[in-house]
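See below for the structure under consideration.
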Amino acid sequence: MAAHPRWFTTRADGSIAYAENPPKKYQDIYPLNFDDDPEGLYAEILRVVRLWLDHGVTIFRVDNPHTKPLWLWERLIAEVGADRPDVIWLAEAFTRPPMMHTLAKIGFQQSYTYFAWRHTKDEIQRYATELAGPAAAYMRPNFWPTTHDILTPFMQRGGLEAWKMRAALAATLAPSYGIYAGYELTERVARPGAEEQIDNEKYEYKDRHWAEHDEAGTTLAPYLTLINNIRRAHPALHRLRNLRFHHADDEHILVFSKARRVYDRDDVIVVVVNLEPDHTRDTWIHLNLADLGLAPHDRFIAHDLITGERWNWSEHNFVRLGPATEPVHVVHIER
Numbered sequence: 001m002a003a004h005p006r007w008f009t010t011r012a013d014g015s016i017a018y019a020e021n022p023p024k025k026y027q028d029i030y031p032l033n034f035d036d037d038p039e040g041l042y043a044e045i046l047r048v049v050r051l052w053l054d055h056g057v058t059i060f061r062v063d064n065p066h067t068k069p070l071w072l073w074e075r076l077i078a079e080v081g082a083d084r085p086d087v088i089w090l091a092e093a094f095t096r097p098p099m100m101h102t103l104a105k106i107g108f109q110q111s112y113t114y115f116a117w118r119h120t121k122d123e124i125q126r127y128a129t130e131l132a133g134p135a136a137a138y139m140r141p142n143f144w145p146t147t148h149d150i151l152t153p154f155m156q157r158g159g160l161e162a163w164k165m166r167a168a169l170a171a172t173l174a175p176s177y178g179i180y181a182g183y184e185l186t187e188r189v190a191r192p193g194a195e196e197q198i199d200n201e202k203y204e205y206k207d208r209h210w211a212e213h214d215e216a217g218t219t220l221a222p223y224l225t226l227i228n229n230i231r232r233a234h235p236a237l238h239r240l241r242n243l244r245f246h247h248a249d250d251e252h253i254l255v256f257s258k259a260r261r262v263y264d265r266d267d268v269i270v271v272v273v274n275l276e277p278d279h280t281r282d283t284w285i286h287l288n289l290a291d292l293g294l295a296p297h298d299r300f301i302a303h304d305l306i307t308g309e310r311w312n313w314s315e316h317n318f319v320r321l322g323p324a325t326e327p328v329h330v331v332h333i334e335r
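In terms of our numbering, the sequence shown has 80 at position 80, counting the first letter as 1, and numbering is strictly consecutive.
What follows is the structure in structure tokens.
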């Protein structure tokens, strides 16, 4: 700071201004100012990035990139990518949608989203449809149920079934999803007056005693492992633009499918989600068989990859989801 005062914003009293992202204030962070010496500051940023590349870092999560000039990211990502196309840039930007889309267009390969705050059937369908539309050509959304900074009221109130539901929903809706450390233990105590985890890793090191939870059976790790194995085995879940929604008579039941032809076979997945998983919901779901690659009136075997059960399904099917069963069906269509 003493050697390069032009790289920072100075107040009228001569002090260095700290970072702000209203309503948050970061008094331990000094923002960079690109107005006075943009080339010198860019050269230093590039040097620091290359230093981390030399140490094996290939993924950069950029905090609030929308608060910096767009030319910086476009130039930096392009210059780094010319020599290192394996490097991934994630935009941690919760801002207006046009800016989030612009960051993706100028080079960020991964983007945070508002998934954590989309809970109703209508909210989820509208938001996922938007992301799976033309934006999918350049924007690769990440779905996170929680982070150290995000613990929504739904997750604070929700029990084990709610945490299973949101993880499965994120993992099947989007090709890229994330799980914050401690999710396996349904850590849901919020800092008073805030929607974030209390005593999270921003403030302290946490020893979660994983082995003890494994032995006691008080962890979601086996469920998350199952979900990840399902994702790995089914390429239909690796795409976003193949997302199709189907009708359910109950407004708290969400139904969607993904289909993809891989070599000589069709991989078709149907996901049925109880959005109020602490309550049992039963209803009829109505599948558009054409979206599944089936003819009208076809019958088929629905293999639930969560429970291992198999059912004879057709266009119209009865489902029951709740605490006594599972909050989510992840169904593989077998012909």
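For every residue, glycine included, the Cβ atom is placed at its ideal position computed from N, Cα and C.
- Where does T113 land, buried or exposed, given buried means 16+ other C-beta within 10 angstroms? Only buried fits T113, as 16 or more other CB atoms lie within 10 angstroms of its CB.
- Closest to Y205 by CA distance: which of H148, P235, R188 is it? It is H148.
- Query: With burial defined as no fewer than 16 other Cβ atoms inside 10 Å of the residue's Cβ, what is the status of V48: buried or exposed?
  - Reply: The residue in question, V48, is exposed, as its Cβ has fewer than 16 Cβ neighbours within 10 Å.
- Task: Assign W73 to buried or exposed, taking buried as 16 or more other Cβ atoms, counted over all protein chains shown, within 10 Å of its Cβ.
- Result: The residue is buried, with at least 16 neighbouring Cβ atoms inside 10 Å.
- Message: If distances are taken between C-alpha atoms only, which option among Q109, I124, P222 comes closest to P145?
- Response: Of Q109, I124, P222, the residue nearest in Cα terms is I124.
- Query: Once you ignore the five residues that flank E79 on each side, which residues in its own chain have a CB closer than 8 Å to its CB?
  - Reply: Close CB contacts of E79 within its chain, under the 8 Å cut and outside five residues either way in sequence, are with L46 (chain order).
- Outcome for W313 when other beta-carbon atoms lying within 10 angstroms are tallied against a minimum of 16: W313 is buried by the Cβ-count criterion.
- Of the choices A12, R335, D250, whose alpha-carbon is the least far from that of T283? Closest option to T283, Cα to Cα, is D250.
- Message: Please tell me whether S111 and A91 are closer than 8 Å, where the distance is taken between their beta carbons.
- Response: Yes, the Cβ-Cβ distance between S111 and A91 is below 8 Å.
- Query: Does the segment 51–69 come within contact of the segment 10–17, defined as at least 3 CB pairs closer than 8 Å?
  - Reply: No, the segment 51–69 does not touch the segment 10–17.
- Query: Alpha carbon to alpha carbon, how far is V273 from P98?
  - Reply: Going by the C-alpha atoms only, they are around 30 Å apart.
- Query: At a cut of 8 Å, does the segment 192–210 reach the segment 283–300 through at least three beta carbon pairs?
  - Reply: Verdict: no, contact absent.
- Anyone know if the C-beta pair for G308 and T280 falls short of 8 Å? In this structure, T280 does not lie closer than 8 Å to G308 by Cβ.
- Item | Bounding residues of the alpha helix (DSSP H) (the contiguous stretch that carries W210) | For W210, the enclosing alpha helix (DSSP H) begins and ends at 210–216.
- Message: Using C-beta distances below 6 Å, list every residue in its chain close to F60, excluding the 5 sequence neighbours before and after it, in chain order.
- Response: When the five nearest sequence neighbours on each side are left out, the beta carbons in the same chain lying within less than 6 Å of the beta carbon of F60 are those of W89, in order along the chain.
- Task: Determine the burial state of N229: buried for a count of at least 16 other Cβ atoms within 10 Å of its Cβ, exposed for fewer.
- Result: Classification of N229: exposed, given that the 10 Å Cβ count is below 16.
- Message: Here's the rule I'm using: 16 or more other beta-carbon atoms within 10 Å means buried, otherwise exposed. How should P192 be labelled?
- Response: Exposed, by the Cβ-count rule.
- Of the residues G81, V271, Y26, A233, which one's Cα is nearest the Cα of V328? Nearest of G81, V271, Y26, A233 to V328, Cα basis: V271.
- Over the uninterrupted alpha helix (DSSP H) stretch that includes A78, give me the two end residues. A78: member of the alpha helix (DSSP H) spanning 70–83, first to last residue.
- Task: Kindly indicate which three-state DSSP category L243 falls into: helix, strand or coil?
- Result: In the structure shown, the three-state DSSP call for L243 is strand.
- Query: In whole angstroms, what is the alpha-carbon distance linking T186 and A132?
  - Reply: Near 29 Å, if we compare the C-alpha coordinates of A132 and T186.
- Item | Beta-carbon proximity of A236 to I285, cut-off 8 Å | Result no, Cβ atoms of A236 and I285 do not sit closer than 8 Å.
- Item | Nearest candidate by alpha-carbon position, reference D37, set N21, F8, P22 | With distances taken between Cα atoms, D37 lies closest to F8.
- Message: Helix, strand or coil for K206? Go by DSSP, reduced to three states.
- Response: In the structure shown, K206 adopts coil according to DSSP, grouped into three states.
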